[in-house]
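For the sequence shown, counting from 1, position 149 maps to 149 in full-length UniProt numbering; every step adds exactly one.
What follows is one structure encoded as structure tokens, with my remarks underneath.
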Amino acid sequence: MSSFSNLDFSRGVNWVPATFITLYQSILLLALPFYFYYTPPSLGLILMTVLLISMTELSITAGYHRLYSHRAYKANRFLESVILFFSSMAMQGSALRWSYDHRIHHAFVDTDNDPYSINKGFLYAHCLWILEKPRKIEDKVVSDLLSNPLVRLQHQWSVRLMILTNVLCFLAVGYFFSDYLGAFVMAVWFRLFVCHHFTWFINSLAHTFGSKPFSQEMTAVNNWLISLVTFGEGYHNFHHTFANDYRNGIRWYHFDPTKWLIFVLNKMGLAKDLKKMDPFAIQKKMITEGKCHLLTRLQELWYVKKEEIEQEIQEVSDGIIAKINAMQDLKKRYLEAKSQDDQRTLARDLKRQFKHLRKELRAEWRRWKSLSSSIQKLKPLPI
Ligand SMILES: [Zn+2]
Ligand SMILES: [Zn+2]
Numbered sequence: 001m002s003s004f005s006n007l008d009f010s011r012g013v014n015w016v017p018a019t020f021i022t023l024y025q026s027i028l029l030l031a032l033p034f035y036f037y038y039t040p041p042s043l044g045l046i047l048m049t050v051l052l053i054s055m056t057e058l059s060i061t062a063g064y065h066r067l068y069s070h071r072a073y074k075a076n077r078f079l080e081s082v083i084l085f086f087s088s089m090a091m092q093g094s095a096l097r098w099s100y101d102h103r104i105h106h107a108f109v110d111t112d113n114d115p116y117s118i119n120k121g122f123l124y125a126h127c128l129w130i131l132e133k134p135r136k137i138e139d140k141v142v143s144d145l146l147s148n149p150l151v152r153l154q155h156q157w158s159v160r161l162m163i164l165t166n167v168l169c170f171l172a173v174g175y176f177f178s179d180y181l182g183a184f185v186m187a188v189w190f191r192l193f194v195c196h197h198f199t200w201f202i203n204s205l206a207h208t209f210g211s212k213p214f215s216q217e218m219t220a221v222n223n224w225l226i227s228l229v230t231f232g233e234g235y236h237n238f239h240h241t242f243a244n245d246y247r248n249g250i251r252w253y254h255f256d257p258t259k260w261l262i263f264v265l266n267k268m269g270l271a272k273d274l275k276k277m278d279p280f281a282i283q284k285k286m287i288t289e290g291k292c293h294l295l296t297r298l299q300e301l302w303y304v305k306k307e308e309i310e311q312e313i314q315e316v317s318d319g320i321i322a323k324i325n326a327m328q329d330l331k332k333r334y335l336e337a338k339s340q341d342d343q344r345t346l347a348r349d350l351k352r353q354f355k356h357l358r359k360e361l362r363a364e365w366r367r368w369k370s371l372s373s374s375i376q377k378l379k380p381l382p383i
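Here's what the structure looks like:
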């Protein structure tokens, strides 16, 4: 109930989106079983719907989120036009409105000023916040976007573009499959439903279930399972800590299709200036947060000998930080030496030292992980 009791209508009710979202979802949930029973869609239409869901949702994650809200990379005009076309089809308002809300979310996360604060309840953060009339867009928060003619145009024509793109999608898919009913139900109606919830999961699930390896003090969490249904946005604790990084999943195997798409667009020459956090800074943040978490956890374990464990935590974390600092220094010296013709031998030697240190650092991280998991396994005794 807290989600509903936290609704604040002091600015008024956001009638049009609230009515549209409530009605289309209720009718869809009632109609879908009949549609599947009487006129099931062809395999081709199902695949087309999956493709459209991916394109629509990626235009939100790679476009509204990482490009416009966080300026994690730059896109050329052609790519921006494609992004704005498909994101209009997603019916999530304009890029300007979306980015404004999202920048406020990052600046005031978990406070009353957060437009979709999880502290006001899971459902509130998921979608109930849309019922409230949105706050006025402050120019200073989105001044960069206001100077972008494409973003301004999309904002001015926002409602008409949302309708037009969806009508075009309906007509094109209906004509291609000679199935206008299927096109409407699957390629428009069902796609909207899936994409809305995929985006909303980022504000609800990704602030609830998961781990916090980078920032303990906020509700944003990392959870690879959430990434599967949010096109890579499930590494949300990392994202809230290093918001300008074009990646959310930093390891190559982290499921982050948005990151892969931006990478490919960069290789195709459509995107440039991809921002990436310094890996040393990321590791330092991880160890600092991890140490803080373990020391706090230790306070709950009154029955163990804390001094020895505290000492080990301090020793291993200090060792890791020292190695990272040494590697940073070696890298800097290596790059300097590499740029000078008469320093090639020194450069080779520094590279060797760097590789050796990297091996040692990996061993230290393994030691840290085993220490960390052995402390996590200890349970506080019941009082
Ligand atoms: Zn968030
Ligand atoms: Zn963000």
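Yeah, the Cβ is synthetic: ideal placement off N, Cα and C, and Gly gets one too.
### Query
For the alpha helix (DSSP H) that residue 195 lies in, which residues bound it at each end?
191-203
### Message
In chain order, what are the residue ranges of uninterrupted alpha helix (DSSP H) at least 4 long that sit wholly in the segment 314-339?
### Response
none
### Message
Let me confirm a value: residue 227 is counted as buried when at least 16 other C-beta atoms fall within 10 Å, else exposed. Which label applies?
### Response
Residue 227 should be labelled buried.
### Inter-residue spacing [alpha-carbon to alpha-carbon] between residue 104 and residue 113
8 Å
#### Entry: Coarse secondary structure for residue 222, derived from DSSP in three states
strand
### Query
Less than 7 Å separating the beta-carbons of residue 141 and residue 96?
no
### Query
What are the uninterrupted segments assigned as beta strand (DSSP E) that are 3 or more residues long and contained completely in the segment 226-301, given in chain order?
none
### Inter-residue spacing [alpha-carbon to alpha-carbon] between residue 253 and residue 10
46 Å
### Message
So, for residue 121: in the same chain, excluding its five sequence neighbours on each side, which residues have a beta-carbon less than 7 Å away from its beta-carbon?
### Response
2, 3 and 6
### Query
Which one or two residues does DSSP pair with residue 211 in a beta bridge?
For residue 211, which the question treats as bridged, DSSP gives the partners 222.
### Task
Tell me whether residue 183 counts as near ligand 1, meaning its Cβ is closer than 6 Å to at least one heavy atom of that ligand.
no
#### Entry: Sheet register partners of residue 151 (DSSP bridge)
Answer by DSSP bridge pairing: none, since residue 151 is not bridged.
### Query
Looking at the unbroken alpha helix (DSSP H) that takes in residue 113, where does it start and where does it end?
Counting along the chain, residue 113 falls outside any alpha helix (DSSP H), and DSSP gives it neither H nor E.
### Query
Closer than 6 Å: is that where the CB of residue 125 sits relative to any heavy atom of ligand 1?
no
### Start and end residues, alpha helix (DSSP H) containing residue 48
Annotation for residue 48: the continuous alpha helix (DSSP H) segment containing it runs 43-58.
### Query
Based on the DSSP secondary-structure assignment, which residues constitute the bridge partners of residue 75?
In the DSSP output, where bridge partners are listed per residue, residue 75 has 271.
### Query
Buried or exposed: where does residue 50 fall if 16 or more other Cβ atoms within 10 Å of its Cβ makes it buried?
exposed
### Message
Under 6 Å, CB to any heavy atom of ligand 2. Which residues pass, going along the chain?
### Response
65, 69, 70, 102, 106, 239 and 243
### Task
Please classify residue 304: does DSSP put it in a helix, a strand, or coil?
coil
### Message
Counting C-beta neighbours from all protein chains within 10 Å, is the total for residue 302 16 or more, i.e. buried, or is it exposed?
### Response
exposed
### Query
For the candidate residues 110, 48 and 221, whose alpha-carbon lies nearest to that of residue 191?
48
### Message
On the DSSP bridge list, what partners appear for residue 13?
### Response
Beta-bridge pairing by DSSP links residue 13 to 132.
### Query
Looking only at C-alpha atoms, which of 110, 342 and 222 sits nearest to residue 206?
222
### Task
Could you tell me if the beta carbon of residue 281 falls within a distance shorter than 6 Å of some heavy atom in ligand 1?
No, Cβ of residue 281 sits at least 6 Å from all heavy atoms of ligand 1.
### Task
Note the first and the last residue of the continuous alpha helix (DSSP H) segment covering residue 166.
Bounds of the alpha helix (DSSP H) holding residue 166 are 158-177.
### Message
Let me check you understand the geometry: is the CB of residue 220 closer than 6 Å to at least one non-hydrogen atom of ligand 1?
### Response
yes
### Query
Expressed to the nearest angstrom, what Euclidean distance is found between the alpha-carbon atoms of residue 119 and residue 278?
31 Å
### Task
Report yes if the CB atom of residue 73 is closer than 7 Å to the CB atom of residue 87, and no otherwise.
no
#### Entry: Cβ shell of residue 94 (< 6 Å), same chain only, five flanking positions each side left out
Same-chain partners within the cutoff: 154, 155 and 158.
### Message
For residue 100 and residue 245, I'd like the C-alpha separation in whole angstroms.
### Response
18 Å
### Task
Under 8 Å by Cβ, that's how I've got residue 183 and residue 198 pegged, so tell me the actual separation to the nearest angstrom.
That belief does not hold up - the Cβ atoms of residue 183 and residue 198 are roughly 21 Å apart, past 8 Å.
### Task
Please report how far the alpha carbon of residue 400 lies from the alpha carbon of residue 320, in whole angstroms.
Since the displayed the chain opens at 1 and closes at 383, residue 400 lies outside it and no answer follows.
### Query
Leaving out five residues before and five after residue 330 in sequence, what residues of the same chain have Cβ atoms less than 6 Å from its Cβ?
350, 353 and 354
### Query
In whole angstroms, what is the alpha-carbon distance linking residue 62 and residue 202?
14 Å
### Check whether residue 220 and residue 240 have beta carbons under 7 Å apart
The Cβ atoms of residue 220 and residue 240 lie closer than 7 Å to each other.
### Query
Between the segment 172-180 and the segment 128-136, do three or more beta carbon pairs fall short of 8 Å?
In short, these stretches do not touch, since the Cβ pair count stays below three.
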